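Residue numbers (this note's numbering), protein chains in the order written: chain A, 205 to 811; chain B, 205 to 811.
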């Protein structure tokens with residue numbers, strides 16, 4: 205039945221040779237790889253306003269210079285990542301760049317941050333997508349968390365089915381979203397220029413504001429940086445581009461940067477001009493759209509595309525997390541199950557882990573994007589910084605032609621990223637302190653996993669000159685509870701294994717033991733019976749002592765003990781509760797005993 | 205670590221021969237066996253007032269005639285149960301009496317009702333005990349459910365430790381409770397007689413009341429009958445009395461009846477005279493006590509003893525449920541695990557089941573006694589009625605000396621109990637309808653369990669003339685994933701089992717298969733390797749097909765297949781997640797396959 209449900213949800217299994225990569229042209233690549241970055245404009249501008257709102261309405265004009273600062277950062281990032289694209293045409297994730305150029309520890313920090321980051325991508329994007337939905341339909345607002353969780357479940361199932369990131373259908377929402385936001389910005393600006401719009405009575409740029417401080421401005425700046433999450437995606441996916449891959453990827457990155465910058469600046473400017481104030485139950489984008497268009501078809505189109513692109517952004521997390529987990533597991537820093545391809549050829553364990561973890565985050569933070577975003581941004585800027593520093597190390601080491609210019613570009617990127625990162629820790633320590641605990645914690649775990657795998661490999665390796673071990677003495681122990689059909693079969697099986705079979709009866713009273721001994725003699729099955737009186741009504745402990753005695757007697761490498769345990773298989777599953785699970789206990793207990801093999805003899809009831 | 209926690213909570217295991225029964229004298233027996241019945245006066249009178257309050261304050265005088273009716277019922281029950289005591293000196297629970305005299309089905313109905321009833325005893329008593337506590341300390345009222353659950357957990361642990369029902373310390377609270385309620389009644393009456401008390405302005409007895417109906421009166425009457433729950437306890441425990449057991453038990457029953465009647469009548473009368481109105485957050489008993497004494501030391505003493513006796517009453521459920529479950533399991537109507545004595549000689553599975561079930565009830569009903577009590581009372585009056593009817597059948601069949609008088613007494617008891625039962629179903633169907641579903645449901649389950657055990661016994665029985673089966677052909681299959689230390693050991697073990705060993709390698713690509721074949725040849729371990737290409741990356745399905753092929757080839761009773769599965773045992777438990785649990789999957793999958801034995805070969809990592 206479970207299998208049927210699985211088939212229904214996931215689909216039929218695929219053969220390994222059905223695995224294939226599709227090469228992307230620029231138009232499709234832009235759609236597929238930029239949904240994470242572009243969707244960030246749905247919540248980035250709002251974060252700036254939320255911080256400024258703590259000072260007051262008068263401070264909103266500061267969003268404009270802050271936005272310019274973020275634009276500069278964007279340009280620096282695009283230029284830096286362009287260099288990574290050319291330097292790593294096979295895909296230059298932060299894990300790889302940092303590991304190759306800065307050493308394993310930095311690679312692991314980058315990798316670990318990215319893993320957490322992808323979980324946050326899913327949680328933040330889905331939560332923000334839900335906000336877009338419930339802004340349009342306020343009646344759904346109380347169900348925010350439930351809707352977000354349901355969305356994650358649907359995305360997880362689709363990914364387990366093997367939804368390809370490159371499916372053509374996924375390209376539409378991105379272009380529709382660009383169209384929708386373009387419409388907002390163009391119409392908004394047109395209204396302003398033609399004087400149709402009502403001014404929001406905001407303070408003019410340059411108005412002095414009481415209570416504003418550098419701290420607040422830095423905080424607002426770092427909050428706005430969340431709009432830059434996702435710009436690294438293209439540099440990770442260079443091999444997916446059509447040839448010449450690096451050139452095409454570089455161009456796509458530049459186009460994406462321009463679109464992202466334009467949308468971001470447009471939204472910030474319009475929000476300022478219209479005097480939008482962030483609200484708990486309606487997004488800034490929704491307010492802006494309903495301000496410009498009213499709550500008509502265009503408004504709902506904008507909200508729908510916003511929601512769709514955010515869900516797509518979550519989906520990029522589902523492409524990236526399992527792949528990175530697989531790479532790190534290949535390097536023996538993550539558990540090996542992450543390398544297993546599921547029925548539909550996706551890395552199912554990675555997909556499921558990501559799904560569970562992001563649902564957990566949504567539940568813990570009640571789907572509240574405002575609390576998740578700072579952590580998300582920190583998680584992004586750590587690998588950003590490490591990638592840039594890694595590139596600096598690379599240029600210094602390799603010194604290719606024109607390395608000085610390249611160095612300066614990456615150095616600028618690194619310094620700005622590092623500055624943003626520090627700003628986070630200084631201005632938002634209350635929300636990002638967890639990252640400080642997580643990073644050394646993760647490093648420790650990755651190292652422990654690695655050590656374990658090296659130890660295992662070491663222990664499993666057979667030296668070339670080793671001789672095959674020979675077992676000369678094989679003792680078979682059959683615990684019996686009476687003389688029944690199952691015992692008869694188990695004894696027959698045991699006799700086929702070895703000459704040396706002994707049955708053990710563990711009785712709770714002298715009477716039961718005497719009776720058993722008498723019956724056994726009468727039965728005469730050709731196997732000796734040992735009886736043990738268990739004063740504490742335990743089967744396991746006397747059996748364990750008995751086996752220890754045998755082990756002690758034949759204390760050598762050539763002796764093996766097999767315990768044959770019969771297992772009842774009832775016709776109906778619920779009938780299992782009607783039997784003492786002694787076989788299960790024996791198996792669980794002796795599983796960890798050296799030189800003792802547990803053989804489960806199945807006995808199927810016919811009725 | 206788990207074992208340590210268990211030892212700390214439960215204590216060291218006890219030997220079977222440490223099991224001993226203590227005989228009770230009358231003073232101790234009264235304390236031990238009447239806590240359930242006597243504690244009922246803590247909630248019984250209140251139930252009458254709650255029903256009358258639906259009509260109005262004016263109707264409260266009806267509580268007096270209703271109380272008299274309940275007293276008559278009490279006398280009838282005491283007389284009937286006195287006869288059961290003499291007729292069943294070895295303990296005459298309703299399950300036994302009904303089963304012997306009316307047949308298995310009625311016995312099972314009585315037994316099932318009692319099992320549910322004991323769960324309700326625990327839930328109701330603990331909830332009422334919590335009410336006594338939070339009446340005294342209103343600040344704790346919001347934590348009612350949490351306190352009740354914590355109490356059940358403590359009682360469960362104490363019972364797992366083997367808290368003897370006959371521990372002397374348990375006798376004090378009962379006598380203190382009698383003292384406390386005696387004090388309330390005596391001082392209350394004294395105040396009334398000396399004119400110190402303020403009359404509650406209640407309507408005089410006989411005042412006509414608008415809106416009163418026979419339906420309401422019957423409902424109030426049946427609600428009050430909840431004060432009689434627990435009177436059967438003494439008749440179940442006759443063998444625990446000192447000799448002459450039936451005589452002593454009979455006397456104790458009579459004394460308990462008198463005390464119960466006096467306390468019940470006293471509380472009803474005082475509540476009427478003082479005009480106490482039932483409240484949601486304070487019990488009637490607490491109101492009465494604070495009315496008479498004020499909130500001083502005596503008041504807190506009364507509340508404390510009330511709480512204690514209610515917890516003790518819950519504890520009687522913990523003595524009775526596991527014992528009845530054990531008896532029914534002995535008769536093969538309940539799962540066999542209920543017959544297993546735990547480390548401390550208690551029937552641990554029964555104790556745990558009762559603990560879980562009563563916590564579940566408390567959570568579902570939010571610890572609200574008012575909703576639990578009707579169901580509880582129905583659960584009590586079904587076995588009451590069946591016991592009496594069983595006795596009638598017994599007298600009619602055996603006709604001992606003076607049987608006519610005995611018959612009349614039990615007939616009266618049966619008729620009254622049946623009348624009360626019908627009253628429940630007529631007046632409180634909204635609260636007791638579940639009982640109508642439960643009873644046939646339980647009967648069905650008991651029957652299904654019984655049938656299963658009979659079937660199993662039938663299948664396990666060896667005919668006297670049966671010949672020992674002989675296994676002549678033993679094929680050992682070793683799934684291998686590479687050439688490692690574990691594989692080497694497994695192959696060596698397999699070779700010691702049979703001449704007929706085959707290793708199976710399941711590869712996901714042709715390259716890996718070719719490489720493995722080459723390596724295997726070079727290794728030369730003396731065992732043939734079969735390689736299978738798994739297109740769907742599954743280990744289980746190709747292995748299963750391979751084994752099916754072998755089974756098909758040697759389709760006879762003398763062939764057994766053993767699959768040797770190596771099991772990694774890492775040094776630290778968390779390292780388990782670092783390995784694909786293929787061994788576990790293979791074991792789980794083939795566990796249900798006939799003629800296939802799964803042998804788990806343990807390989808312990810040293811580091």
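Ideal placement from N, C-alpha and C gives every residue a C-beta, glycine not left out.
No experiment lies behind these values; they were computed from the predicted model shown.
Inset, instruction - Please compile the residues from chain B whose C-beta is within a distance smaller than 8 Å of the C-beta of residue 659 (chain A). - result: Taking the first chain and counting its residues from 1, one reaches residue 659 (chain A) at position 455. Neighbours of residue 659 (chain A) in chain B, taken as residues whose beta carbon is under 8 Å from its own, are 809, 811 in chain order.
Inset, instruction - Could you tell me whether any Cβ in chain B is nearer than 7 Å to the Cβ of residue 532 (chain A)? - result: Residue mapping note: residue 532 (chain A) aligns to position 328 of the first chain, counting from 1. Answer no: the Cβ-Cβ gap between residue 532 (chain A) and chain B never drops below 7 Å.
Legend entry - Own chain, CB closer than 6 Å to residue 575 (chain A), minus 5 neighbours either side, in chain order: Here residue 575 (chain A) is taken as the residue at index 371 of the first chain, counted from 1. Same-chain partners within the cutoff: 569.
Inset, instruction - Determine which residues share a DSSP beta bridge with residue 445 (chain B) and list them. - result: As a working note, residue 445 (chain B) is residue 241 in the second chain. According to DSSP, which records beta bridges pairwise, residue 445 (chain B) is partnered with B:228.
Inset, instruction - Evaluate residue 814 (chain A) with the Cβ neighbour count: other Cβ atoms within 10 Å of its Cβ, from every protein chain shown; 16 or more gives buried, anything less gives exposed. - result: What is shown of chain A runs 205 to 811, which leaves residue 814 (chain A) out entirely.
Legend entry - Opening and closing residue of the beta strand (DSSP E) in which residue 570 (chain B) lies: To locate residue 570 (chain B), count along the second chain from 1; it is residue 366. Judged by DSSP secondary structure, residue 570 (chain B) falls outside any beta strand (DSSP E); it is assigned neither H nor E.
Inset, instruction - Please state whether DSSP places residue 772 (chain B) in a helix, a strand or coil. - result: Along the second chain, one-based indexing puts residue 772 (chain B) at 568. It is a strand residue.
Legend entry - Close-in-space but distant-in-sequence residues of the same chain around residue 820 (chain A) (CB under 8 Å, 5 per side omitted): Since the first residue of chain A shown is 205 and the last is 811, residue 820 (chain A) is not available in this structure.
Inset, instruction - Taking residue 547 (chain A) as the query, report the chain B residues whose CB atoms sit under 9 Å from its CB, ordered along the chain. - result: Here the question's residue 547 (chain A) lines up with position 343 in the first chain. Chain B residues near residue 547 (chain A): 740, 741, 742.
Inset, instruction - Tell me, please, whether the CB atom of residue 805 (chain B) is closer than 7 Å to any CB atom in chain A? - result: Reading the second chain from its first residue, position 601 is the one you call residue 805 (chain B). Output row for residue 805 (chain B): interface = yes.
Legend entry - Simplified DSSP state of residue 513 (chain B), which is helix, strand or coil: As a position in the second chain, residue 513 (chain B) is number 309, starting the count at 1. Reduced to three states, the DSSP call for residue 513 (chain B) is helix.
Legend entry - Touch test, the segment 207–218 of chain B against the segment 387–396 of chain B, Cβ-Cβ under 8 Å, three pairs minimum: No: the two stretches stay apart, fewer than three of their Cβ pairs being nearer than 8 Å.
Legend entry - DSSP-derived helix/strand/coil call for residue 737 (chain B): The residue labelled residue 737 (chain B) in the question sits at position 533 within the second chain. In the structure shown, residue 737 (chain B) sits in a strand (DSSP, three-state: E or B).
Legend entry - Backbone secondary structure at residue 280 (chain A) - three-state DSSP: As a working mapping, residue 280 (chain A) is identified with position 76 in the first chain. Residue 280 (chain A) falls in the helix class under three-state DSSP.
Legend entry - Under 7 Å between C-beta atoms of residue 259 (chain B) and residue 415 (chain B): One-based indexing of the second chain puts residue 259 (chain B) at position 55. One-based indexing of the second chain puts residue 415 (chain B) at position 211. Yes, they are a contact pair.
Legend entry - Own chain partners of residue 786 (chain B) with C-beta closer than 6 Å, once the 5 adjacent residues on each side are dropped: Stepping through the second chain from its first residue, residue 786 (chain B) is reached at position 582. Taking C-beta separations shorter than 6 Å and ignoring five residues to either side along the sequence, the partners of residue 786 (chain B) in its chain run 743, following chain order.
Inset, instruction - Would you decide whether residue 276 (chain B) is buried or exposed? Buried here means 16 or more other CB atoms lie within 10 Å of its CB. - result: Locating residue 276 (chain B) in the second chain gives position 72, where the first residue counts as 1. With fewer than 16 other beta carbons inside 10 angstroms of its own, residue 276 (chain B) counts as exposed.
Legend entry - Boundaries (first-last residue) of the alpha helix (DSSP H) holding residue 315 (chain A): The sequence position of residue 315 (chain A) within the first chain is 111, counting from 1. For residue 315 (chain A), the enclosing alpha helix (DSSP H) starts and ends at 308–340.
Legend entry - Check whether residue 303 (chain A) and residue 311 (chain A) have beta carbons under 7 Å apart: For the purposes of this step, residue 303 (chain A) is taken as residue 99 along the first chain, with counting starting at 1. For the purposes of this step, residue 311 (chain A) is taken as residue 107 along the first chain, with counting starting at 1. Result yes, Cβ atoms of residue 303 (chain A) and residue 311 (chain A) sit closer than 7 Å.
Legend entry - CB of residue 813 (chain A) within 7 Å of CB of residue 352 (chain A), strictly: There is no way to answer for residue 813 (chain A), as the model of chain A reaches only from 205 to 811.
Legend entry - Nearest residue (CA-CA) to residue 221 (chain B), options B:745, B:265, B:520, B:547: Counting from one through the second chain, the residue named residue 221 (chain B) turns up at place 17. Here the closest residue by C-alpha is B:547.
Inset, instruction - Let me know the secondary structure DSSP gives residue 537 (chain A) once reduced to three states. - result: Taking the first residue of the first chain as position 1, residue 537 (chain A) is located at position 333. Coil at residue 537 (chain A), not helix or strand.
Inset, instruction - Run the CB neighbour count on residue 489 (chain B), radius 10 Å, all protein chains shown included, and call it buried at 16 or more, exposed below. - result: Position 285 of the second chain, counted from the first residue, corresponds to residue 489 (chain B). By the 10 Å Cβ count, residue 489 (chain B) comes out buried.
Legend entry - Minimum Cβ-Cβ distance from residue 340 (chain B) to chain A less than 7 Å: Within the second chain, numbered from 1, the residue matching residue 340 (chain B) stands at position 136. With 7 Å as the cut-off, residue 340 (chain B) does not count as an interface residue toward chain A.
Inset, instruction - Rounded to whole angstroms, what's the CA-CA distance from residue 493 (chain B) to residue 345 (chain B)? Just pull it up for me. - result: By 1-based counting over the second chain, the position of residue 493 (chain B) is 289. By 1-based counting over the second chain, the position of residue 345 (chain B) is 141. If I take the Cα positions, the gap works out to 19 Å.
Inset, instruction - Could you work out which residues of chain B lie near residue 219 (chain A), taking near to mean beta carbons separated by less than 8 Å? - result: Residue mapping note: residue 219 (chain A) aligns to position 15 of the first chain, counting from 1. Result: 739, 740.
Legend entry - For residue 232 (chain A), the nearest candidate out of A:466, A:340, A:375, A:653 (CA to CA): Locating residue 232 (chain A) in the first chain gives position 28, where the first residue counts as 1. Closest by alpha carbon: A:375.
Inset, instruction - Inspect the CB distances between the segment 693–705 of chain A and the segment 762–782 of chain A and report whether three or more fall short of 8 Å. - result: Yes, they touch.
Inset, instruction - Would you kindly work out how many angstroms separate the C-alpha atoms of residue 460 (chain B) and residue 728 (chain A), rounded to a whole number? - result: One-based indexing of the second chain puts residue 460 (chain B) at position 256. One-based indexing of the first chain puts residue 728 (chain A) at position 524. Going from the Cα of residue 460 (chain B) to the Cα of residue 728 (chain A) covers about 60 Å.
Inset, instruction - Name the one or two DSSP bridge partners that residue 765 (chain A) has. - result: The sequence position of residue 765 (chain A) within the first chain is 561, counting from 1. In DSSP, residue 765 (chain A) forms a bridge with A:679, A:800.
Legend entry - Opposing strand residues paired with residue 705 (chain B) [DSSP bridges]: In the second chain, the residue the question calls residue 705 (chain B) occupies position 501. According to DSSP, which records beta bridges pairwise, residue 705 (chain B) is partnered with B:680.
Inset, instruction - Flag this pair as yes or no: are the beta carbons of residue 710 (chain A) and residue 317 (chain A) separated by less than 7 Å? - result: Position 506 of the first chain, counting from 1, holds the residue named residue 710 (chain A). Position 113 of the first chain, counting from 1, holds the residue named residue 317 (chain A). It is not a contact, given that the beta carbons lie outside the stated cut-off.
Legend entry - CA nearest to the CA of residue 708 (chain A), picked from A:724, A:681, A:689: Translated into positions along the first chain, residue 708 (chain A) becomes position 504. By alpha-carbon distance to residue 708 (chain A), the top candidate from A:724, A:681, A:689 is A:681.
Inset, instruction - Identify, in the order they occur along the chain, each residue of the same chain with its Cβ nearer than 6 Å to the Cβ of residue 227 (chain A), setting aside the five sequence neighbours on each side. - result: For the purposes of this step, residue 227 (chain A) is taken as the residue at position 23 of the first chain. The answer, listed in chain order, is 446.
Legend entry - Beta-ladder partner(s) of residue 806 (chain A), from DSSP: By one-based count along the first chain, residue 806 (chain A) stands at place 602. Bridge partners of residue 806 (chain A): A:771.
Legend entry - Own chain residues within Cβ distance below 7 Å of residue 555 (chain A), not counting five before or after: Your numbering for residue 555 (chain A) matches position 351 in the first chain. Shown here for residue 555 (chain A): same chain residues with a beta carbon closer than 7 Å to its own, the five before and five after excluded, namely 360, 363, 364, 522, 526 in chain order.
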